[in-house]
Structure formats: structure tokens, C-alpha cells
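Those sequence lines, one after another, are chains A and B.
Heads up, the working numbering is the position in the first sequence plus 357, with the first residue counted as 1.
Heads up, the working numbering is the position in the second sequence plus 114, with the first residue counted as 1.
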Amino acid sequence: MTRPVYSLTITDPALDYLDRLTLGIETMAYGKAVGEAGVVAVQRRLSEKNVDRESHSTARRLGATPSGLFADMARSIGYGFMTSRDGVVISINHVAASQRFHGGRIEPSAGKTYLTIPAIAEAYGVRAPDAPVGLTPMIRRDPATGTARAVALQEDNTGPSRGKKKAQPGRVWYWLVESVEQRGDPKMLPDDDVLAAAVSDAIATWFEEV
Amino acid sequence: MPQIRRPISFPEAVKRLQRRGLLPADLSASQLAKISADIRRVAEFSARVTNEHFLNLAHEVISKIVDPALTGRAPGSYMDKATARLELRKYLQAIGYVPDTGAEGSIKDLASDARLNLIIETRTQMMQGASRYEQSRDAAVLRTFPCEELYRLELRKEPRDWKRRWSENGGKFYGPKDRMIARKDDSIWEKISAFGNPYPPFDYNSGMWTIGVSRREAIALGVIEPGAVIAPKLVKERVDLTAAVGDHNPALINAALESLKKAGIDAIVRDGHIEERQ
Chain A
358 MTRPVYSLTI TDPALDYLDR LTLGIETMAY GKAVGEAGVV AVQRRLSEKN
408 VDRESHSTAR RLGATPSGLF ADMARSIGYG FMTSRDGVVI SINHVAASQR
458 FHGGRIEPSA GKTYLTIPAI AEAYGVRAPD APVGLTPMIR RDPATGTARA
508 VALQEDNTGP SRGKKKAQPG RVWYWLVESV EQRGDPKMLP DDDVLAAAVS
558 DAIATWFEEV
Chain B
115 MPQIRRPISF PEAVKRLQRR GLLPADLSAS QLAKISADIR RVAEFSARVT
165 NEHFLNLAHE VISKIVDPAL TGRAPGSYMD KATARLELRK YLQAIGYVPD
215 TGAEGSIKDL ASDARLNLII ETRTQMMQGA SRYEQSRDAA VLRTFPCEEL
265 YRLELRKEPR DWKRRWSENG GKFYGPKDRM IARKDDSIWE KISAFGNPYP
315 PFDYNSGMWT IGVSRREAIA LGVIEPGAVI APKLVKERVD LTAAVGDHNP
365 ALINAALESL KKAGIDAIVR DGHIEERQ
């Protein structure tokens, strides 16, 4: 089952009330101040996550340069208004945001049997068909069932290497798995009280400036 | 039969073809020059079309990264940087792209990891930066978030000296941590940019980005006075060519201008960018 791109919603019933006020206050303007406060709070949290060494465990384990997932998310934030106009939506427009926040099982896309899990630093952040070497499946027989299955993609010496290094046939680039279970990371977003404080501050400032 | 396994020069190709009897051996220098020019014209045309198609494809895949709503959301249907790189490389392979001799694997090689990553990263971030710029410069937002801070979002092995660049362009530092903060309508944002844009990224492969600073904090730090009014700014649509092609190839620029004209956009070239005529 797919999930929508993650969005955080801030609703404020006061907007309806403000709508009715005759003081020239525009709910759009009020909402924009709230939206920007939400964006800044979420961006700050994602920026902290990006420089946190604990956030890049796979890259660190492989000795690879982190892909900058949280930085990508921090650059992808925006706000919009709910169609009912009684709330503001803070969106992280990044394909991995929802999966990272909620976690859950990841399975291969239609027509594919395996997920490719990088086994070495060079494979990190690289699609298997785009690897700079030729790859051959490594087949193993399950001693319990006797059935053979592919367990990894290993380097062979057939590919046109884009790198300068000498081919290392037999070197495992990717492990092949049928699915993975990813843990969610709700800490990638700011705590509710941090968000509430940011929004309150923005609302107070907006009124002071009107 | 011997195969050509590497790019060869035109004179060398002529000699090989002559040896194989595919070209008359008694061509004069001027005749050879004419053939050379004809082939070069075809090659230039091919390069122009290649680049134009490549740019279109790059724009398409990068737009899908920036706006995931443009793709499906099931695994395998969406676009990310690794998939975008694969798509662009597949295209270059399909058209038989060959880099210039000696440029293989370098940043001048359109199919190299370094070049493709640079194209994807820079163009993606420019779209994101422009989008955020537009939203954060709204008059209502400027009341509550009138300033912006330049900060390090991503670590780099060899970071540029941004404090120096900031200072040399008239930027001031605030707070005990010497934070680089300025009004959103300050000209420093364009001055520190290698692309002339008032929004990030401000340079190739830069890990720096901007974040809004609230009015209360900006006043407390002494960046602005109470009651300061920040002017909203409109950003002109600019298409950066350097990120995609690395140089200002006249044939490519003309092809891009012609394409825009067909689409009803009157564009001009200025400072290495294509922008709509105002």
C-alpha cells in the first residue's frame, strides 16, 4: 500500500472567526505567517538531523558519503492552505519523507523480485543498472529446502568500468532481499511544543505588525 | 576487421577509411577540408539536437524530483536522484554519446558520474531555492520573517570560506556564533551567488542554504529596527545553462532561444542565463 507524501497539518478554528472580523485582517495573510513559521521549524529540525551522525547509519557502516537525505527534505518544504481554508498544510515534497517518518515494509516494484541493498560504499546511492561495473547474480542453494536463489549481485569483468580501478570479480556490490522492514523516525519532525511555540510567536508578531 | 574502440581525430579517420578503400586515396587537402567541414556541420547539428533533448529530459526528471506529485507513488514509479542519473545516462547511451578525447570520466564528460550528479544536484536545488524564495518573500511572510540566515545544511570535506565571502560582500555577523543574517531584501543574497540569484544554491556543490529568521529574533540580534519594512521582491524566471552544459555553446543557446520562441516566450541571454525579456 502506498502512502501520500508526508504533510503536517496545522488547523486553527480561529481563522473562521477572523474571517468574520471587519478589521481588514486577511485570513490568507495570517495563514501565510503561520505557514512560514511551520516551514522554518520543520526545516530547522531536518537540518539538525542531517548533521547528526546517528542519522546516516548505513552510509557510516559502509564508509560511504551520506546521500544527504534530510538535507534534501529540508530544501523541499513549503506550505499551502487547506481547501476548507481553516488550516495550513506544511509539506515535505520528498518521496522518502513519508516512508522515513512512518516506517514500514518496503517491497520491490511490480515486475521485480528483489530489492538491492548496497553492500559496499561504491554501491551506496547507485541503482544496480547504473553501477560502473558488470554484475552477475550470486546463486546459493538453501540447505534446508534445496532450492537455489539469487542472494547477491557480484562484480564480474564484463562491464565497461567508468572508474579507474581494476575490476574485482566476485566482489559483492548488492545483497538481494525480497523485502525490508524499516523503522519509522518520528523524531525527524519537531516536537509538538516546539511547533506550537513557533506558530504562536508568528501569530503574535503578525498582530503586532498589522 | 579492425574496430575503432576509441574516439579518433578526423585526419586519422580519413587515413583509416582510405586504407580500407572507402575513400579515394587521392583527395586534395581542400577536398578533405570540405568533407571535414561537412561532417563538422552535421556533428554540430547533432550535438545541438542532442543537447536540447538532453536538457528537456533533464528538466523533466528533475521536475519530478522537486514535485513528487508528478509521478506515481508506488515503489519504482517515483523519481529520485539515483533514478534520474540512470535515466539521463540511458539516454546518452541510446544516442551513442561519446565524450571528447581526453575528457572521459571528467566533469567535461556529459555521461560521467561527476557531471550528471552536478547537473541533477544544481538544477534540483535551484528549483527548490526559487520556489522557497517566492513563498518567503510574500508581504505577509515578511512581517513575521523579515530576515534570513545563511547556514551550513550539509557538511563538506573541503568547505568554502563562506564567512569570508559574506564579509567581502558587505555582510555582517550577529550573535556570539557570528551568524550570517541579513534582511531578505538585502542585495547581499545576489552578491554571494555564483549564479546571480538571490536564493540558494549560491555555488556549485555548496552545502549552504538559507532559513528564515523571525522578526523578534532579528530585532533582538540587532539585524533590523522595530517597525522595519522589508520590500517584497519578484524574481525573474532565469534558466541557468551553465549547470547543464558547462559552457556557453552558441548553437545550444540559439536552439534553446528558438524553442522558447516557438513556445511564445520572448527570451534573451544575459550573464550566462536565459531569461524572459521584460
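For each residue, glycine too, the CB sits at the ideal point set by N, CA and C.
The DSSP-derived three-state label of Arg293 of chain B is strand.
When rounded, the separation of the alpha-carbon atoms in Thr515 of chain A and Glu248 of chain B is 49 Å.
By a beta-carbon distance limit of 8 Å, Gly541 of chain A contacts Phe458 of chain A. Their separation comes to about 6 Å. Leu200 of chain B is positioned such that its CB atom lies no closer than 8 Å to that of Asp513 of chain A. Residue environment: Ala345 of chain B is assigned as exposed (fewer than 16 neighbouring CB atoms within 10 Å of its CB, all protein chains considered). Contact check for Ala431 of chain A and Ser404 of chain A: beta-carbon distance about 5 Å, within the 8 Å limit, so the pair qualifies.
Of all C-beta pairs linking the stretch 283-291 of chain B to the stretch 230-241 of chain B, fewer than three are shorter than 8 Å, placing the two stretches out of contact. Considering only B:Lys195, B:Val337 and B:Pro182, the residue with the shortest C-alpha distance to Ile434 of chain A is B:Pro182.
Contact annotation for Ser433 of chain A against chain B: Gln242 [CB-CB distance below 7 Å, chain order]. Close to chain A, meaning a Cβ-Cβ distance shorter than 7 Å, is no residue of the stretch 278-291 of chain B at all. Cβ proximity to chain B below 9 Å picks out Ala467, Gly468, Lys469, Leu472, Gly482, Val483, Arg484, Pro486, Asp487 and Pro489 from the stretch 467-494 of chain A. The Cβ neighbour count for Ser536 of chain A, taken over all protein chains shown within 10 Å, is under 16; the residue is labelled exposed. Between Cys261 of chain B and Val327 of chain B, the gap from beta carbon to beta carbon is short of 8 Å. Looking at the DSSP output, Tyr436 of chain A bridges to A:Ile447.
Counting only residues of its own chain and dropping the five nearest sequence neighbours on each side, Ser424 of chain A has a CB closer than 6 Å to the CB of Gly482. Within the stretch 279-340 of chain B, the complete beta strand (DSSP E) segments of 3 residues or longer fall at 293-297 and 322-327, listed in chain order. Sequence-ordered contacts of the stretch 318-341 of chain B with chain A read Trp323, Ile325, Gly326, Ser328, Arg329 and Arg330 [C-beta pairs closer than 7 Å]. A residue is called buried once 16 or more other Cβ atoms fall within 10 Å of its Cβ, and Leu256 of chain B is buried on that count. Under the Cβ criterion (8 Å, minimum of three pairs), the stretch 309-322 of chain B counts as touching the stretch 266-281 of chain B. By the criterion of a C-beta distance shorter than 6 Å, Ala555 of chain A is surrounded in its chain by Ala394 and Ala398, once the five residues flanking it on both sides are discounted. Taking C-beta atoms as the reference points, Asp550 of chain A and Arg330 of chain B fail to come closer than 8 Å. Within 10 angstroms of the beta-carbon of His167 of chain B lie fewer than 16 other beta-carbons, which makes it exposed. Contact between Val529 of chain A and Ala507 of chain A is absent: CB atoms are separated by about 12 Å, not below the 8 Å threshold.
Straight across, the Cα-Cα distance linking Pro494 of chain A with Ser448 of chain A is about 40 Å. In chain order, Val408 make up the part of chain A whose C-beta sits under 7 Å from the C-beta of Leu269 of chain B. Annotation: Ala505 of chain A is outside any alpha helix (DSSP H); the continuous beta strand (DSSP E) that includes it extends over Ala505 to Asp513.
A distance below 7 Å between beta-carbons, with the five flanking residues on each side excluded, links Leu230 of chain B to the following residues of its chain, in chain order: Arg199, Leu202 and Arg203.
Using a Cβ distance threshold of 8 Å, Phe259 of chain B and Ser250 of chain B count as a contacting pair.
The continuous stretches of alpha helix (DSSP H) do not include Glu535 of chain A, and DSSP gives it neither H nor E.
Among the residues facing chain B, Ser404 of chain A is included, as its CB has a counterpart in that chain under 8 Å away. Around the Cβ of Ser307 of chain B, a 10 Å sphere holds 16 or more other Cβ atoms; the residue is buried. For Arg229 of chain B, no pairing in a beta bridge is given by DSSP. Distance from the CA of Met294 of chain B to the CA of Tyr436 of chain A, rounded to the nearest whole angstrom, comes to 25 Å. Taking the CA atoms as reference points, Gly503 of chain A sits about 10 Å from Arg497 of chain A. Put simply, the backbone Cα of Arg402 of chain A is about 21 Å away from that of Gln539 of chain A. Pairing Pro465 of chain A with Gly527 of chain A, the inter-Cα distance amounts to about 25 Å.
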